[in-house]
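At position 293 of the sequence shown (counting the first as 1) the number is 503 in this note's numbering, and the numbers step up by one without a gap. Backbone N, C-alpha and C fix where the C-beta goes; we use that ideal spot for every residue, glycine too. Since this is a predicted model, take the numbers as computed values, not measurements. Right, one structure below, let's go through it.
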Amino acid sequence: MLRWSPRSFSIWIRASLLTILLFFSFSFLSSHQERHHDDFFRGEFPKPGSCPSSTLVQNIVISVKTGATEAAAKIPIQMRTTLRCAEHVFFFSDLEQDLEDGQYHLHDALDTISPSIVENNQDFEFYKKQEVLWKTQKNITSLHGAKHPKATNDLAAWSLDKWKNIHMLEKTWALKPDMDWYIFIDADTYLVWSNLLVWLETLDPTSKSYYGSAVTWGGIRFAHGGSGYIIPKTMMYELAVNQNGTAAHWDTKLHDHCCGDVALSAALQEHGGILEGRWPLISGEAPWTMPFGPGTTEYRCWPAMTMHHLTPDGMEEFLAYEEQRSHKSVLLTHTEILQDFLLPQIPLSRSNWDNLASERGDFGRTGGISSNATSFDECTKACEEDEKCFQYSFHGQKCSIGRSVRLGHAKAADSEGTWQSGWNKTRLVKWSKEQPYCNNITFEGEDN
211 MLRWSPRSFS IWIRASLLTI LLFFSFSFLS SHQERHHDDF FRGEFPKPGS CPSSTLVQNI
271 VISVKTGATE AAAKIPIQMR TTLRCAEHVF FFSDLEQDLE DGQYHLHDAL DTISPSIVEN
331 NQDFEFYKKQ EVLWKTQKNI TSLHGAKHPK ATNDLAAWSL DKWKNIHMLE KTWALKPDMD
391 WYIFIDADTY LVWSNLLVWL ETLDPTSKSY YGSAVTWGGI RFAHGGSGYI IPKTMMYELA
451 VNQNGTAAHW DTKLHDHCCG DVALSAALQE HGGILEGRWP LISGEAPWTM PFGPGTTEYR
511 CWPAMTMHHL TPDGMEEFLA YEEQRSHKSV LLTHTEILQD FLLPQIPLSR SNWDNLASER
571 GDFGRTGGIS SNATSFDECT KACEEDEKCF QYSFHGQKCS IGRSVRLGHA KAADSEGTWQ
631 SGWNKTRLVK WSKEQPYCNN ITFEGEDN
């Protein structure tokens, strides 16, 4: 659900927060106590020894938005990896069900929507069909990939998504009120839990500010849902209690909005909420698609808080990286992710692989530059001769040059030929060594 738009940002001189970071840095303690998660978990689950020790954990609630057709494949792995240290986690879907013999309970985020809206909006045809199948067969696999009855290019499950966000806020408060912080993410969002705890210690849960990756749609500046957004107790109370019925009110207007995260930000701002942009700390990229290099310098010294579009395998891989870090009490920055996680994985070239050199990126500076090369060898030479080239790809007789490096992903050959990718690691390593040391780490973000 990435919906990036041009960002407008300015970088201000900021005072060093090193003293604060040292004060709030915490040790990672070994523990064998039982976990008692709210609602979603039934039974024992040993807390990993790598979980950071912080009293703030008891005052953080995490709400995960998912769908019944994807939940079984994503939720258990997400819970065992990035959410393994969280105490209060709730899952919201388009169908109430239990996963893995009742270990994980999914709430129906849509069950309080007015019947008149459900009956008169084609977005809910899938919802009604799914409920019948589950009640009669306990099997909804036949609905995987189902299309919307009217917007036939859209997945039916995706069209239901926008109806969940504000209802999730109200339901989360009802399930766990009066906590300091409420974090809303998708089932493919990864939280860097240790960094989040340090950052949240510096914020005020009684303020009206909420935090996310700020983008714009239809003139509304909103926090992108897949990247995750963080709402303080004050604004949760305002919408869920003082403005009780906000979700029902917005149900009558959602046909004018593309997405639920847009509507939620509009509702928050209507009642005094202030969006504090924290990109790229809160990021819509996975580690494998983050751009590094002179074309996109924004990903460097910022501490990573969230990442998006991680597969279950990807979550396990990144957790394994986090677990082997020898300095876990130090904030994990994007620079460290590049040097210690990505660089060892980047080869000189790779077939059946798309390193995203053909994509322009957030600011049009990351890639997408065409060369006249007519073969992969010529494309390699074109990159070598262009001192600004850090990676390249060749597909369909098109050579694309990238000003930054991304690892990318496997991609099979198609009617236009094989996807071939290459990287100039020498330039990347040289550029990386020339960058100043990250000794002034802040939590402000580029789009604040």
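Check whether Gly505 and Thr576 have beta carbons under 7 Å apart: Numbered from its first residue, the sequence shown carries residue 505 at position 295. Numbered from its first residue, the sequence shown carries residue 576 at position 366. Yes; because the gap between Cβ atoms is below 7 Å, this pair is in contact.
Spatial distance of Asp364 from His315 (CA atoms): Locating residue 364 in the sequence shown gives position 154, where the first residue counts as 1. Locating residue 315 in the sequence shown gives position 105, where the first residue counts as 1. Roughly 27 Å between the two C-alpha positions.
Where Thr628 sits in the DSSP three-state scheme: Here residue 628 is taken as the residue at index 418 of the sequence shown, counted from 1. Coil.
Which listed residue (Ser419, Lys598, Ala367, His605) has its alpha carbon closest to that of Arg488: Stepping through the sequence shown from its first residue, residue 488 is reached at position 278. Measuring from the Cα of Arg488, the nearest candidate turns out to be Ser419.
Spatial neighbours of Met389 in its chain, beta-carbon cut-off 6 Å, leaving aside the 5 residues before and after: One-based indexing of the sequence shown puts residue 389 at position 179. These residues qualify, in order along the chain: Asn269, Val271.
Contact between the region 410 to 418 and the region 428 to 444 (3+ Cβ pairs under 8 Å): yes
Cβ pair Phe301, Met378 closer than 7 Å: Translated into positions along the sequence shown, residue 301 becomes position 91. Translated into positions along the sequence shown, residue 378 becomes position 168. No, Cβ-Cβ distance for Phe301 and Met378 is not below 7 Å.
Proximity of Thr279 and His354 at Cβ, strictly below 7 Å: On the sequence shown, residue 279 is found 69 positions in, with the first residue counted as 1. On the sequence shown, residue 354 is found 144 positions in, with the first residue counted as 1. Yes.
Per-residue burial, Leu558 [other beta carbons within 10 Å of its own, 16 or more giving buried]: Numbered from 1 along the sequence shown, position 348 holds the residue referred to as residue 558. Exposed.
Spatial distance of Asn565 from Leu638 (CA atoms): To locate residue 565, count along the sequence shown from 1; it is residue 355. To locate residue 638, count along the sequence shown from 1; it is residue 428. Distance between the alpha carbons of Asn565 and Leu638 is about 15 Å.
Ile327 - containing beta strand (DSSP E), residue span: Position 117 of the sequence shown, counting from 1, holds the residue named residue 327. Note, Ile327: premise wrong, no beta strand (DSSP E); alpha helix (DSSP H) at 325 to 329.
Run of the beta strand (DSSP E) containing Cys609, from where it starts to where it stops: Counting from one through the sequence shown, the residue named residue 609 turns up at place 399. It spans 608 to 612 - the beta strand (DSSP E) in which Cys609 sits, taken as one unbroken run.
contact_flag[the region 467 to 483, the region 534 to 551] where n(CB pairs < 8 Å) is 3 or more: no
Whether Gly503 touches Ser614 by CB criterion (7 Å): As a position in the sequence shown, residue 503 is number 293, starting the count at 1. As a position in the sequence shown, residue 614 is number 404, starting the count at 1. Their beta carbons are under 7 Å apart, which means Gly503 touches Ser614 by this criterion.
Residues bridged to His605 [DSSP beta-bridge criterion]: Looking up residue 605 in the sequence shown gives position 395. Looking at the DSSP assignment, His605 forms a beta bridge with Lys608.
Neighbourhood of Leu232 by C-beta, 7 Å cutoff - its chain only, sequence neighbours within 5 removed: Translated into positions along the sequence shown, residue 232 becomes position 22. Because Leu232 carries a pLDDT of 34, less than 50, the predicted location of this residue cannot be relied on, and no value is offered for it.
Residues of its chain near Val328, where Cβ-Cβ distance is below 6 Å and the 5 sequence neighbours each way are ignored: Taking the sequence shown and counting its residues from 1, the one referred to as residue 328 is at position 118. So the list reads Phe334, once near-sequence residues are dropped.
Buried versus exposed, by CB contacts within 10 Å (16 or more), Cys468: For the purposes of this step, residue 468 is taken as residue 258 along the sequence shown, with counting starting at 1. Label assigned to Cys468: exposed.
Close Cβ partners of Thr382 (< 7 Å) along its chain, the five nearest in sequence each way excluded: On the sequence shown, position 172 is the one that residue 382 refers to. Here the set comprises Val271, Ser273, Phe300, Tyr392.
Bounding residues of the beta strand (DSSP E) (the contiguous stretch that carries Ser559): Taking the first residue of the sequence shown as position 1, residue 559 is located at position 349. Unbroken beta strand (DSSP E) run through Ser559: 559 to 561.
Sequence-distant residues of its chain with Cβ nearer than 7 Å to Tyr439 (five each side left out): Position 229 of the sequence shown, counted from the start, is the residue given in the question as residue 439. Phe394, Tyr420, Tyr421, Gly422, Ala433, listed in sequence order.
Stretch-stretch touch, CB-based, cutoff 8 Å, three pairs: the region 452 to 462 with the region 396 to 409: no
Assigned exposure category for Asn562 - 16 Cβ within 10 Å defines buried: On the sequence shown, residue 562 is found 352 positions in, with the first residue counted as 1. The residue is exposed, with fewer than 16 neighbouring Cβ atoms inside 10 Å.
Pro286 versus Gln607: straight-line alpha-carbon distance, rounded: In the sequence shown, the residue the question calls residue 286 occupies position 76. In the sequence shown, the residue the question calls residue 607 occupies position 397. Cα to Cα, the separation comes out at about 42 Å.
Range covered by the alpha helix (DSSP H) that runs through Leu638: Here residue 638 refers to the residue found at position 428 of the sequence shown. 635 to 644 is the extent of the alpha helix (DSSP H) around Leu638.
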